[in-house]
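Trainee: 228 is the number of the first residue of the sequence shown in my numbering; add one for each residue after it.
One structure, as structure tokens, below. Some questions next.
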Amino acid sequence: MALTSVAKGTSRKESLLQEILIQINNKKEGLLKELKLLNEIEAELKKHNALYRIANEPQPLVNPPKEGARIETKSYKLSYGPVNDRKKTEITLKCYKDGDKEEFLQFLLDFKRHAPRLGWDTSVLLFENLEALLQGAALTQWQVASFGLDVNEPDSFEEALDNWKRRKNLNYDAMRDQLEYMRRARKPREYTPEEFIQRLQHVNLMIPQFIDATQDNMLTDDEIKEIAYRGMPSEWRKNFANSGKKVYSESLEAIESYMSTQSDQNEDNDAHFIDTAEDSDSSFMSQDLFQCEMELEPEYYQDSFSYVHRPMGSSTNP
228 MALTSVAKGT SRKESLLQEI LIQINNKKEG LLKELKLLNE IEAELKKHNA LYRIANEPQP
288 LVNPPKEGAR IETKSYKLSY GPVNDRKKTE ITLKCYKDGD KEEFLQFLLD FKRHAPRLGW
348 DTSVLLFENL EALLQGAALT QWQVASFGLD VNEPDSFEEA LDNWKRRKNL NYDAMRDQLE
408 YMRRARKPRE YTPEEFIQRL QHVNLMIPQF IDATQDNMLT DDEIKEIAYR GMPSEWRKNF
468 ANSGKKVYSE SLEAIESYMS TQSDQNEDND AHFIDTAEDS DSSFMSQDLF QCEMELEPEY
528 YQDSFSYVHR PMGSSTNP
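Below, the structure written as structure tokens:
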């Protein structure tokens with residue numbers, strides 16, 4: 228009897244241990260599934276946050292050209308002049324396949340500038356001719372943006388464009404961020420004063436292309452002049468002031484000329500930025516277009532706007 232009781236007790240114990248092990252394994256599997264799910268959620272959140280940062284970063288002033296890129300174009304013949312003395316010219320527009328925000332805005336800027344000359348003055352013609360210039364991912368994006376719209380409606384083309392811009396986060400807030408970045412810009416070391424000013428003017432042309440933006444949102448000539456002056460190295464600005472010149476009384480061309488002379492005479496002093504080991508991978512408008520991390524030397528803060536340490540979209544150091 229005693230041996231039988233011991234055997235039964237041992238059997239129950241083993242049975243309980245087996246049940247406990249089974250429950251532990253089941254809980255382990257459940258916990259592993261939960262952990263896997265949490266890791267997937269965390270990865271998605273990181274991806275979303277990264278895309279959000281990229282989407283809302285401004286167009287940098289340093290935007291190195293892409294090497295080896297094959298650019299496809301379409302040419303349109305155009306006649307102009309009196310009936311008895313007609314002349315011919317040709318307008319060439321770049322096709323758009325996919326790219327950073329600057330390429331996108333430049334494409335729209337060129338299209339809108341030439342559309343009136345080419346006689347694309349109805350919503351139908353605008354739809355047809357824009358779509359003819361699109362390829363690959365861009366064509367798919369446009370078809371999604373224009374889906375369900377009546378091409379015969381006068382406002383449908385602009386509505387489709389806004390849908391497309393919204394997908395690329397080119398909203399009004401992004402426009403304000405871009406302007407703020409430009410107001411705090413400093414001349415990159417590799418740019419001449421002329422190139423720096425031209426870059427400011429060029430990016431400024433794209434401001435009306437943001438959603439709900441107009442030409443009234445663009446920087447004025449006086450603002451660009453002030454930004455250009457304050458974007459130069461402090462030594463050059465000191466020399467400018469010591470020469471008796473005033474920013475408000477000088478033209479932009481005169482300031483550019485003076486700073487170009489300073490650049491020729493003081494190449495060693497044209498060192499605004501300290502190279503950093505960190506490269507940004509984010510992008511106004513990644514490797515989408517806009518960015519590199521730059522820091523100002525301490526002395527550069529004198530008589531200057533404060534600098535917002537903000538990534539832009541190429542991954543090159545200045």
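Glycine is no exception: its CB is placed at the ideal position from the N, C-alpha and C atoms.
Since the model is a prediction, treat every value here as computed from it, not as a measurement.
I'd like the ranges of any alpha helix (DSSP H) spanning at least 4 consecutive residues and lying wholly in the segment 318-355.
Mentor: Taking only runs of at least 4 residues, the alpha helix (DSSP H) segments lying wholly in the segment 318-355 are 328-341.
Trainee: Which residue comes first and which comes last in the alpha helix (DSSP H) that contains Lys201?
Mentor: The question about residue 201 has no answer here: the residues shown for the chain are numbered 228 through 545.
Trainee: For Glu329, tell me which candidate among Asp448, Tyr456, Gly458, Ala401 has the shortest Cα-Cα distance.
Mentor: Position 102 of the sequence shown, counted from the first residue, corresponds to residue 329. For Glu329, the nearest C-alpha among the options comes from Ala401.
Trainee: With H, G and I counted as helix, E and B as strand and the rest as coil, what does DSSP make of Ser242?
Mentor: Sequence index remark: in the sequence shown, residue 242 carries index 15 (1-based). In this structure, Ser242 counts as helix in the three-state DSSP scheme.
Trainee: Could you tell me which of Ile482, Phe437, Gln442 sits nearest to Gly458, measuring between CA atoms?
Mentor: For the purposes of this step, residue 458 is identified with residue 231 of the sequence shown, where counting begins at 1. When each option's Cα is compared against that of Gly458, the closest is Ile482.
Trainee: What residue range is occupied by the uninterrupted alpha helix (DSSP H) comprising Val430?
Mentor: For the purposes of this step, residue 430 is identified with residue 203 of the sequence shown, where counting begins at 1. Where Val430 is concerned, the enclosing alpha helix (DSSP H) stretches over 420-432.
Trainee: Tell me, please, which residues DSSP counts as bridged to Lys392.
Mentor: Numbered from 1 along the sequence shown, position 165 holds the residue referred to as residue 392. Per DSSP, none; premise fails for Lys392.
Trainee: Ignoring anything shorter than 4 residues, give me the alpha helix (DSSP H) runs that lie fully in the segment 463-499, in order along the chain.
Mentor: The qualifying runs are 479-492.
Trainee: Whose C-alpha, out of Pro435, Phe467, Glu450, is nearest the C-alpha of Leu336?
Mentor: Here residue 336 is taken as the residue at index 109 of the sequence shown, counted from 1. Comparing Cα-Cα distances from Leu336 to each of Pro435, Phe467, Glu450, the minimum goes to Pro435.
Trainee: Using the rule of at least 16 other Cβ atoms within 10 Å of the residue's Cβ for burial, across every protein chain shown, is Asp439 buried or exposed?
Mentor: The residue given as residue 439 occupies position 212 in the sequence shown. So Asp439 counts as exposed.
Trainee: Which partner residues of Leu361 appear in the DSSP bridge assignment?
Mentor: To locate residue 361, count along the sequence shown from 1; it is residue 134. DSSP lists Tyr323 as partners of Leu361.
Trainee: Where do the ends of the alpha helix (DSSP H) carrying Met445 lie?
Mentor: Locating residue 445 in the sequence shown gives position 218, counting from the first residue. First-last for Met445: undefined, no H or E at that position.
Trainee: Less than 6 angstroms separating the Cβ of Thr319 from some heavy atom of the ligand SAH?
Mentor: In the structure shown, the ligand SAH is absent, as is every other ligand, since no ligand is present at all.
Trainee: Exposed or buried, which one is Tyr323 when buried takes at least 16 other CB atoms within 10 Å?
Mentor: Working through the sequence shown from its first residue, we reach residue 323 at position 96. The residue is buried, with at least 16 neighbouring Cβ atoms inside 10 Å.
Trainee: At which residues does the alpha helix (DSSP H) containing Met459 begin and terminate?
Mentor: Against the sequence shown, residue 459 aligns to sequence position 232. Here Met459 belongs to no alpha helix (DSSP H), and DSSP marks it neither H nor E.
Trainee: Can you check whether the CB of Ala364 is closer than 7 angstroms to the CB of Asp325?
Mentor: Translated into the one-based positions of the sequence shown, residue 325 becomes position 98. Translated into the one-based positions of the sequence shown, residue 364 becomes position 137. In contact: Asp325 and Ala364 (Cβ atoms closer than 7 angstroms).
Trainee: For Ile268 and Thr367, I'd like the C-alpha separation in whole angstroms.
Mentor: By 1-based counting over the sequence shown, the position of residue 268 is 41. By 1-based counting over the sequence shown, the position of residue 367 is 140. Using only the alpha carbons, I get a separation of about 28 angstroms.
Trainee: Looking only at its own chain, which residues have a Cβ that is under 6 angstroms from the Cβ of Ser302, when we skip the five neighbours before and after it?
Mentor: Counted from its first residue, the sequence shown places residue 302 at position 75. Cβ within range, chain order: Glu317, Thr319.
Trainee: Assuming Leu479 and Ile454 are in contact, meaning their beta carbons sit under 8 angstroms apart, how far apart are those beta carbons, in whole angstroms?
Mentor: Counting from 1 along the sequence shown, the entry for residue 479 is found at position 252. Counting from 1 along the sequence shown, the entry for residue 454 is found at position 227. Leu479 to Ile454, Cβ: 10 angstroms. No contact.
Trainee: In whole angstroms, what is the alpha-carbon distance linking Gly219 and Ile249?
Mentor: Because the chain here runs from 228 to 545, residue 219 falls outside it and cannot be looked at.
Trainee: Mind checking Gln245: buried by the 16 CB within 10 Å criterion, or exposed?
Mentor: Counting from 1 along the sequence shown, the entry for residue 245 is found at position 18. Label assigned to Gln245: exposed.
Trainee: Evaluate Gln370 with the Cβ neighbour count: other Cβ atoms within 10 Å of its Cβ, from every protein chain shown; 16 or more gives buried, anything less gives exposed.
Mentor: As a position in the sequence shown, residue 370 is number 143, starting the count at 1. Label assigned to Gln370: exposed.
Trainee: Can you tell me whether Pro460 is buried or exposed? The criterion is at least 16 other CB atoms within 10 Å of its CB, across all chains shown.
Mentor: By one-based count along the sequence shown, residue 460 stands at place 233. By the neighbour-count rule (16 or more Cβ atoms within 10 Å), Pro460 is buried.
Trainee: Could you say which of Lys263, Leu361, Arg413, Lys392 lies nearest to Thr300 if we only look at CA atoms?
Mentor: Walking along the sequence shown from the start, residue 300 turns up at place 73. Among Lys263, Leu361, Arg413, Lys392, the Cα nearest to that of Thr300 is on Leu361.
Trainee: Could you tell me which residues DSSP pairs with Thr316 in its beta bridges?
Mentor: In the sequence shown, residue 316 corresponds to position 89, counting from 1. Answer by DSSP bridge pairing, in chain order: Leu305.
Trainee: Does the segment 377-387 come close enough to the segment 338-352 that 3 or more CB-CB pairs lie under 8 angstroms?
Mentor: Yes, since at least three Cβ pairs between the segment 338-352 and the segment 377-387 fall closer than 8 angstroms, the two stretches touch.
Trainee: State yes or no: is the C-beta of Ser487 within less than 7 angstroms of the C-beta of Pro420?
Mentor: Locating residue 487 in the sequence shown gives position 260, where the first residue counts as 1. Locating residue 420 in the sequence shown gives position 193, where the first residue counts as 1. Yes, the Cβ-Cβ distance between Ser487 and Pro420 is below 7 angstroms.
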